[in-house]
Amino acid sequence: MQPVGAVVPLKVDIAEKTFRSARGVSITALQDLSFEVRQGEFACLLGPSGCGKTTT
């Protein structure tokens, strides 16, 4: 819970992100992801090439 008037430039809440594989199988990539990036903070998404960083 944020104090009244608190500045939160970015808040991310993802309940679930799924993809369908080439074989038609549903794959859960993310589940219950929640985070905030406040003023002056730095965040990045790391992972190997082709893992879905841009898609997510």
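Per the working numbering, residue 6 is the first one in the sequence shown, and the count goes up by one each step.
We put the beta carbon where it would ideally sit given N, CA and C, even for glycine.
Quick caveat: nothing in here was measured; it's all calculated off a predicted structure.
Assuming contact is defined by CB atoms lying nearer than 7 Å, are S39 and I32 in contact in what I supplied? Your numbering for residue 39 matches position 34 in the sequence shown. Your numbering for residue 32 matches position 27 in the sequence shown. No. Outside cutoff.
Taking the alpha-carbon of K22 as reference, which of C49, G10, D37 and L51 has the nearest alpha-carbon? To locate residue 22, count along the sequence shown from 1; it is residue 17. Of the candidates C49, G10, D37 and L51, the one whose C-alpha sits nearest the C-alpha of K22 is D37.
Under 7 Å between C-beta atoms of G57 and A34: Position 52 of the sequence shown holds residue 57. Position 29 of the sequence shown holds residue 34. Judged by beta-carbon spacing, A34 lies within the 7 Å limit of G57, meaning their Cβ atoms are closer than that value.
Less than 7 Å between the beta carbons of Q44 and V17, yes or no? Counting from 1 along the sequence shown, the entry for residue 44 is found at position 39. Counting from 1 along the sequence shown, the entry for residue 17 is found at position 12. Their beta carbons are not under 7 Å apart, which means Q44 does not touch V17 by this criterion.
Please report the residue range of the beta strand (DSSP E) in which S31 lies. Numbered from 1 along the sequence shown, position 26 holds the residue referred to as residue 31. S31 to V42 is the span of the beta strand (DSSP E), which, as asked, contains S31.
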